[in-house]
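Remarks on the structure that follows.
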Amino acid sequence: MNRTSFHCTSSIPTSFSKVCHPERSAKGATSKDLLFARIAVTLGLAVLLFPQAGHAQQAQPWTQIPIPPLHPFHPQQPKRIELKNGLVILLEEDHELPFINGSIEIRGGSRDEPASKAGLVDLYSDAWRTSGTASKDGDTLDDLLEAKAAKVETGGDVDSTSVSWSCLKKDEDLVFGIAVDLLQHPDFKQEKLMLAKQQAAASIVRRNDDASGIAEREAAKLVYGPNSPYTREPELATIKAVTLDDLKQWHDKTIVPNNIIIGVEGDFDAAAMEKTLRDVFENLPRGAAWPKPAGDFSGPKPGVYVVDKTDVNQSNVNIVGLGTLRNNPDYFALSVMNEIFSGGFGSRLFQDVRTKQGLAYAVGGGYGASYDHPGMFRVIAGTKSATTVKATQSMLAEIGELKTKPFTEDERKRAKDQVLNSFIFNYDTKEKVLAAATRLEFYGYPANFLEKYRDGLEHVTTADLERVAKKYIDPSKVAVLVVGNQQEFGTPLTELGLGKPQAIDITIPGAPQQGMGAPGNDGGEQ
Numbered sequence: 107m108n109r110t111s112f113h114c115t116s117s118i119p120t121s122f123s124k125v126c127h128p129e130r131s132a133k134g135a136t137s138k139d140l141l142f143a144r145i146a147v148t149l150g151l152a153v154l155l156f157p158q159a160g161h162a163q164q165a166q167p168w169t170q171i172p173i174p175p176l177h178p179f180h181p182q183q184p185k186r187i188e189l190k191n192g193l194v195i196l197l198e199e200d201h202e203l204p205f206i207n208g209s210i211e212i213r214g215g216s217r218d219e220p221a222s223k224a225g226l227v228d229l230y231s232d233a234w235r236t237s238g239t240a241s242k243d244g245d246t247l248d249d250l251l252e253a254k255a256a257k258v259e260t261g262g263d264v265d266s267t268s269v270s271w272s273c274l275k276k277d278e279d280l281v282f283g284i285a286v287d288l289l290q291h292p293d294f295k296q297e298k299l300m301l302a303k304q305q306a307a308a309s310i311v312r313r314n315d316d317a318s319g320i321a322e323r324e325a326a327k328l329v330y331g332p333n334s335p336y337t338r339e340p341e342l343a344t345i346k347a348v349t350l351d352d353l354k355q356w357h358d359k360t361i362v363p364n365n366i367i368i369g370v371e372g373d374f375d376a377a378a379m380e381k382t383l384r385d386v387f388e389n390l391p392r393g394a395a396w397p398k399p400a401g402d403f404s405g406p407k408p409g410v411y412v413v414d415k416t417d418v419n420q421s422n423v424n425i426v427g428l429g430t431l432r433n434n435p436d437y438f439a440l441s442v443m444n445e446i447f448s449g450g451f452g453s454r455l456f457q458d459v460r461t462k463q464g465l466a467y468a469v470g471g472g473y474g475a476s477y478d479h480p481g482m483f484r485v486i487a488g489t490k491s492a493t494t495v496k497a498t499q500s501m502l503a504e505i506g507e508l509k510t511k512p513f514t515e516d517e518r519k520r521a522k523d524q525v526l527n528s529f530i531f532n533y534d535t536k537e538k539v540l541a542a543a544t545r546l547e548f549y550g551y552p553a554n555f556l557e558k559y560r561d562g563l564e565h566v567t568t569a570d571l572e573r574v575a576k577k578y579i580d581p582s583k584v585a586v587l588v589v590g591n592q593q594e595f596g597t598p599l600t601e602l603g604l605g606k607p608q609a610i611d612i613t614i615p616g617a618p619q620q621g622m623g624a625p626g627n628d629g630g631e632q
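Set out below in structure tokens:
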């Protein structure tokens, strides 16, 4: 359920997606870059050829256009029903199209599996659907659902597993019946578990192919610890240790009604759908409550860490620290601070590191927040090897200036408007509203959290920005991770003044050893 974590991208704010283009390079500019370049040239010629037009442009008459205030934000909340056994149902009618989409979210994910069997939840979620049920095997279900243009899928995440379905209204009884059958009568098969293990093993032995994937994985380990349930990786030995009985025991332990949230959205009558769900689930016995997550989150040990990847000509730089929770009262001010820092083309970080100095083709990040454990403070950039140190120094300087460079009223207003104007697009359909409501229910947040978020943003002041920057931003508590080719850095990492670089071993236990320049590694180019 934790879709925003590092498995998750999660701990980096969504604003980062506006400026992060990992595959962009100097040799391969995007169509958007080319479009902006053409616009700039066209406007420049217009000013030269028509100076009066240039003078009129300087007057900026559009600034006189009145901008009305945003409409109040009160999304139609789904109907919430809690059964006597603790199961929660959320229903969102939407009669625009004859479709019905549903999900069954179940507490318990990869952070809860034994360390000696890391990968169990992924194997479970794969073999669950492909094995099928006691009455219909997975292959039969594939054919049946394909004929109906419908889907029933199972999944696993860091804190949850799930069953979801999607179908035409006329096929709801059949498709929902399959989803319930999978939930209540799975038939885990050894051959499907072995297939899932083979696929997992193939992924494990190639996990060092992608430099950005290495950076994301190792950055999280620096923040949460290498043995944290939020960062441990499946290994060949741990997936080999998973048995068919492990899958069955996991299922029996997690599939209890007070551990489940069901959300349904689409073209149905809420009263009829409620009756259908009650008939199926209301008489199931309550089980043991799922334990709340716990852990020690002390943040990274400051210093410089390096993964020497000799087959690339660019560096992935991550500057990381510990973030916060979304229920933090300062979350609203931190959201606006993030937007000023790295929210778009006009942000401080982008303007300095990319636009003015040309040190990175991708740069962004921010002070992250997760729902039930601290997120990550993470600032990342992609730069050519020779500018690794200079780009890192500029990123560190921008982080430091959050504490020392005053926020202006214009920055605050522009950032607040950007966040508020984009906010509504996260909840502009009933399907998105239901997904948000399910997420809030899953983590125990109030149903009106979205309204509170908007109201909180509206009341952020420049004084709030100064306060949270001074309170939460501490350059002395961050770690710097560089994944790149050290021979091409030019300037040594010791010039960062953070001590001797510490090498990180990314060897895959039990895998055929490959050189860092093995075929298939995607280093990209700049």
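If you're matching positions, the sequence shown starts at 107 in the numbering used here and goes up one per residue. A virtual CB, placed ideally from N, CA and C, is assigned to each residue, including glycine.
Whole-number beta carbon distance between glycine 470 and isoleucine 486, since they are thought to touch under 8 Å: On the sequence shown, position 380 is the one that residue 486 refers to. On the sequence shown, position 364 is the one that residue 470 refers to. With 8 Å as the limit, isoleucine 486 and glycine 470 qualify as a contact, their Cβ atoms being about 7 Å apart.
Exposure label - alanine 344; buried when at least 16 CB within 10 Å: Mapped onto the sequence shown, residue 344 falls at position 238. Sequence check: residue 344 is threonine here, not alanine. Buried is the call here.
Rounded distance between the beta-carbons of methionine 443 and tyrosine 473, thought under 8 Å: The residue you call residue 473 lines up with position 367 of the sequence shown. The residue you call residue 443 lines up with position 337 of the sequence shown. With a Cβ gap of about 7 Å, tyrosine 473 and methionine 443 count as contacting.
First through last residue of the beta strand (DSSP E) which encompasses arginine 460: Walking along the sequence shown from the start, residue 460 turns up at place 354. Careful: arginine 460 lies outside any beta strand (DSSP E) and carries neither H nor E.
CA-to-CA distance, arginine 520 to glycine 427, given in whole angstroms: Working through the sequence shown from its first residue, we reach residue 427 at position 321. Working through the sequence shown from its first residue, we reach residue 520 at position 414. One C-alpha to the other measures close to 27 Å.
Within 8 Å, strictly: CB atoms of alanine 535 and leucine 196: Looking up residue 535 in the sequence shown gives position 429. Looking up residue 196 in the sequence shown gives position 90. For the record, residue 535 in the displayed sequence is threonine; it is not alanine. Going by C-beta atoms, threonine 535 is not nearer than 8 Å to leucine 196.
Close Cβ partners of alanine 497 (< 7 Å) along its chain, the five nearest in sequence each way excluded: Indexing the sequence shown from 1 puts residue 497 at position 391. Counting only Cβ-Cβ distances below 7 Å, and skipping sequence neighbours, we find Val423, Val459, Leu465, Ala466, Ala487, Thr489.
Where isoleucine 505 sits in the DSSP three-state scheme: Along the sequence shown, read from residue 1 onward, the residue named residue 505 stands at position 399. Helix, per DSSP.
N- and C-terminal bounds of the alpha helix (DSSP H) containing isoleucine 310: By 1-based counting over the sequence shown, the position of residue 310 is 204. First-last of the alpha helix (DSSP H) with isoleucine 310: 296-311.
Cβ-based neighbour list, glutamate 537, same chain, cut-off 6 Å, excluding 5 preceding and 5 following: As a first step, residue 537 must be located in the sequence shown, where it is residue number 431. Here the set comprises Glu371.
Reduced DSSP secondary structure (H/G/I, E/B, other) of glutamate 341: Counting from one through the sequence shown, the residue named residue 341 turns up at place 235. Glutamate 341 falls in the coil class under three-state DSSP.
Straight-line Cα distance separating leucine 226 from alanine 542: One-based indexing of the sequence shown puts residue 542 at position 436. One-based indexing of the sequence shown puts residue 226 at position 120. Their backbone Cα atoms lie some 27 Å apart in a straight line.
Isoleucine 171, buried or exposed, once every other Cβ within 10 Å from all chains shown has been counted against 16: The residue labelled residue 171 in the question sits at position 65 within the sequence shown. Classification for isoleucine 171: exposed.
Nearest candidate by alpha-carbon position, reference glycine 603, set Pro178, Tyr559, Pro581, Val525: On the sequence shown, residue 603 is found 497 positions in, with the first residue counted as 1. Among Pro178, Tyr559, Pro581, Val525, the Cα nearest to that of glycine 603 is on Pro581.
Close-in-space but distant-in-sequence residues of the same chain around lysine 407 (CB under 7 Å, 5 per side omitted): By 1-based counting over the sequence shown, the position of residue 407 is 301. Correct list, in chain order: Ala585.
Terminal residues of the alpha helix (DSSP H) in which alanine 492 lies: Within the sequence shown, the letter at position 386 stands for residue 492. Note, alanine 492: premise wrong, no alpha helix (DSSP H); not H, not E.
Cutoff 6 Å; reference isoleucine 579; Cβ partners in own chain excluding five residues on either side: Counted from its first residue, the sequence shown places residue 579 at position 473. Closer than 6 Å at Cβ, skipping near neighbours: Leu508, Lys509.
Contiguous beta strand (DSSP E) assignments of at least 3 residues, all confined to the region 402-439: 409-414, 420-428
Span of the alpha helix (DSSP H) around lysine 354: Start at 1 with the first residue of the sequence shown, and residue 354 comes out as number 248. Residues 350-360.
Touch test, the region 389-398 against the region 362-370, Cβ-Cβ under 8 Å, three pairs minimum: yes
CB of histidine 357 within 8 Å of CB of proline 292, strictly: Walking along the sequence shown from the start, residue 357 turns up at place 251. Walking along the sequence shown from the start, residue 292 turns up at place 186. A contact, by the Cβ cut-off of 8 Å.
Candidates Ser441, Leu328, Ala575, of which the one nearest glutamate 504 by Cα: As a working mapping, residue 504 is identified with position 398 in the sequence shown. Comparing Cα positions, the closest option is Ala575.
Cutoff 7 Å; reference aspartate 259; Cβ partners in own chain excluding five residues on either side: The residue given as residue 259 occupies position 153 in the sequence shown. Here residue 259 turns out to be glutamate, not aspartate, going by the sequence shown. If we look at glutamate 259 and ignore the five residues flanking it on each side, its Cβ neighbours are Arg235, Ser270.
C-beta atoms of valine 311 and isoleucine 610 nearer than 8 Å: Counting from 1 along the sequence shown, the entry for residue 311 is found at position 205. Counting from 1 along the sequence shown, the entry for residue 610 is found at position 504. For valine 311 and isoleucine 610, no; Cβs fall outside 8 Å.
Status (buried if at least 16 other CB within 10 Å, exposed otherwise) for serine 404: What you label residue 404 is simply residue 298 of the sequence shown in a count that begins at 1. Exposed, because fewer than 16 other Cβ atoms sit within 10 Å of the Cβ of serine 404.
Residues near proline 618 in its chain [Cβ-Cβ closer than 6 Å; skip 5 each side]: As a working mapping, residue 618 is identified with position 512 in the sequence shown. Here the set comprises nothing.
Beta-carbon proximity of serine 272 to lysine 257, cut-off 8 Å: The residue given as residue 272 occupies position 166 in the sequence shown. The residue given as residue 257 occupies position 151 in the sequence shown. Going by C-beta atoms, serine 272 is nearer than 8 Å to lysine 257.
CB contact flag (valine 588, valine 329, <8 Å): Residue 588 sits at position 482 when you count from the first residue of the sequence shown. Residue 329 sits at position 223 when you count from the first residue of the sequence shown. No; because the gap between Cβ atoms is not below 8 Å, this pair is not in contact.
Cβ-heavy atom distance, phenylalanine 451 to the ligand PLP, below 7 Å: The ligand PLP is not part of this structure, which contains no ligands at all.
DSSP state of leucine 390 mapped onto helix, strand, coil: Here residue 390 corresponds to residue number 284 of the sequence shown, with the count starting at 1. Three-state DSSP puts leucine 390 in coil, outside helix and strand.
Unbroken alpha helix (DSSP H) run spanning valine 657, endpoints: What is shown of the chain runs 107 to 632, which leaves residue 657 out entirely.
When Thr239, Pro607, Glu188, Arg338 are compared against lysine 381, the one with the closest alpha-carbon: On the sequence shown, position 275 is the one that residue 381 refers to. It is Glu188 whose Cα lies nearest to the Cα of lysine 381.
Valine 286 to aspartate 436 span [Cα, whole Å]: Within the sequence shown, numbered from 1, the residue matching residue 286 stands at position 180. Within the sequence shown, numbered from 1, the residue matching residue 436 stands at position 330. The straight-line gap from Cα to Cα measures roughly 42 Å.
Length-filtered (3 minimum) beta strand (DSSP E) runs lying within the region 198-246: 205-213
Glutamine 608 and valine 418 closer than 8 Å at C-beta: One-based indexing of the sequence shown puts residue 608 at position 502. One-based indexing of the sequence shown puts residue 418 at position 312. Result no, Cβ atoms of glutamine 608 and valine 418 do not sit closer than 8 Å.
Delimiting residues of the alpha helix (DSSP H) encompassing glycine 319: Mapped onto the sequence shown, residue 319 falls at position 213. It spans 317-330 - the alpha helix (DSSP H) in which glycine 319 sits, taken as one unbroken run.
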